[in-house]
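Q: Just passing along the structure, written as structure tokens.
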Amino acid sequence: MFLLPQPALASEPRTLPRLSRFQRRVKVSNLTFGLLILALVLSLAANYHQSTRFHRLQAPLPSTLRAASVALRSDAVKSATNLIVVAGHGIWRGCNTSEWTDERNWVLQQHQKGTDNPRAFYSHIKKGVALASRDPASILLFSGGYTRPELPTQSEAESYLALALQSFDYEASWRARAFTEDYALDSFQNLFFSIMRFHELAIAVGKTGRASWPMRITVVGFEMKRRRFVELHRHALRWPNDSFDYIGLDLLDPTERDKGWQGEETYGFGPYTRDLYGCHGLLAEKRMSRNPAARFFPYKTTSPELAALIDWCPSETASQQLFTGPLPWD
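With our numbering applied, the sequence shown corresponds to residues 697 to 1026, in that order.
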């Protein structure tokens, strides 16, 4: 008996298991992909929920809670157009104002000790108060940061204002217009930061535009620093020369005064002629050494119009390059 050859379909049973295994792999892959998609969707949903919750928490505050709204609104500040700056050079830590000449009541740098610097500081404070008393349209700012590690909780400006309030007429109108600028670490910042501090006070009482910046500036300091302020700092800020005044009151002792003038050329005017914004070398190191508590000024937030100028630091090879961006007082 002859066996007939099997038909071609006889080979199909051997291919079916292979096809089944392939289909199972496809199903597993699809399931895995589906689970990944589901996990991604759930993750996105969770992130969206967290994001919306965060934004709900960060919703705009009521106007009564905004910084400018909770600041003191003084009619005296509302009418102010002029800025008087008294630059700090030491920290008064005394209690009895009759002893202001005693250097034990001051935190001084080594080169300031054994001199009549306390008398000069007091004369600066007194002149600032006198100017503010005569000008009801002025704001008096004592400027100077927390520069001394021996007294990290008090700024130069705070100590000057405290001495002024204790020393001069309690009923005088200048008291309502006297404030501090507590972040300046050098003379350039005394001027620049005081302009921005004036702006803070102005926007707190609702001023906007050009009216929120001073129209005229008067700086009180050492006579030996006049050129530094008038020719360099004012120029660096492009402040108009015809609306800027400087009143200089120097040390009384001629020997000390001569030493001060020599030091100004070596450590002040000279370096600033080579580094107009004080952001390199010796001047930058001075700023760092005068900030022992690592405090940071808030003016980028309160004066965003000047953010570019705050950041301006030309390279060392072009350190005299003037900032050319727009300024509110242009």
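Ideal placement from N, C-alpha and C gives every residue a C-beta, glycine not left out.
1. Since A783 is in the beta strand (DSSP E), which residue starts that stretch and which ends it?
2. Tell whether a beta-carbon distance below 8 angstroms holds between G917 and A783.
3. Between Q1016 and the rest of its own chain, which residues show a CB-CB distance below 6 angstroms, the 5 nearest in sequence each way excluded?
4. What are the boundary residues of the alpha helix (DSSP H) that includes G647?
5. Going by beta-carbon coordinates alone, are P967 and W1025 separated by less than 8 angstroms?
6. Tell me, please, which residues DSSP counts as bridged to L1037.
7. Considering only residues of the region 943-1009, which uninterrupted alpha helix (DSSP H) runs meet the minimum length of 4 residues and lie entirely inside it, listed in chain order?
8. Suppose you measure from the CA of G944 to the CA of R844; what does that come to, to the nearest Å?
9. From what residue to what residue does the beta strand (DSSP E) around V916 run?
10. Let me confirm a value: M984 is counted as buried when at least 16 other C-beta atoms fall within 10 Å, else exposed. Which label applies?
11. Per DSSP, what are the beta-bridge partners of W802 in this structure?
12. What would DSSP say about F884, mapped onto helix, strand or coil?
13. Could you have a look at F889 and say whether DSSP puts it in helix, strand or coil?
14. Indicate whether the contact test is met: 3 or more Cβ pairs, each with one atom in the region 949-964 and one in the region 896-915, closer than 8 angstroms.
15. Can you give the Cα-Cα distance for F1019 and E896, rounded to whole angstroms?
16. Take S884 and list the residues in its own chain whose beta-carbon comes closer than 6 angstroms to its own, dropping the five residues that flank it on each side.
17. Under DSSP, the alpha helix (DSSP H) around R815 begins and ends at which residues?
18. Who are the near neighbours of D946 in its chain, counting only those whose CB is closer than 8 angstroms to its CB and skipping five residues on each side?
19. Taking 8 angstroms as the threshold (C-beta atoms), are R991 and G841 in contact?
20. If I measure Cβ to Cβ from F965 and keep anything under 6 angstroms in the same chain, skipping five residues before and after, which residues do I get?
21. Below 8 angstroms between beta carbons: does that hold for F894 and S839?
22. Less than 8 angstroms between the beta carbons of A860 and T876, yes or no?
23. Distance, Cα to Cα, K996 vs P832?
A: Based on what the coordinates show:
1. 778-783
2. yes
3. Counting only residues of its own chain and dropping the five nearest sequence neighbours on each side, Q1016 has a CB closer than 6 angstroms to the CB of L972.
4. No answer is possible for residue 647: it lies beyond the span of the chain, which begins at 697 and ends at 1026.
5. no
6. Any property of residue 1037 remains undetermined from this structure, which presents the chain solely from 697 to 1026.
7. If you keep only unbroken alpha helix (DSSP H) runs of at least 4 residues inside the region 943-1009, you get 950-960, 966-970, 977-985, 995-998, 1003-1007.
8. Straight through space, the alpha carbons of R844 and G944 are spaced by roughly 24 angstroms.
9. Under the DSSP assignment, V916 falls in the beta strand (DSSP E) whose first and last residues are 912-917.
10. exposed
11. W788.
12. Looking at F884 - three-state DSSP - the assignment turns out to be helix.
13. If DSSP states are grouped into helix, strand and coil, F889 belongs with the helices.
14. no
15. 23 angstroms
16. It should be noted that the sequence gives Phe, not Ser, for residue 884. Answer for F884: H929, G974, listed in chain order.
17. 813-830
18. A816, F918, E919, M920, R953, G956
19. yes
20. R923, R924
21. no
22. no
23. Between K996 and P832, the C-alpha separation is close to 29 angstroms.
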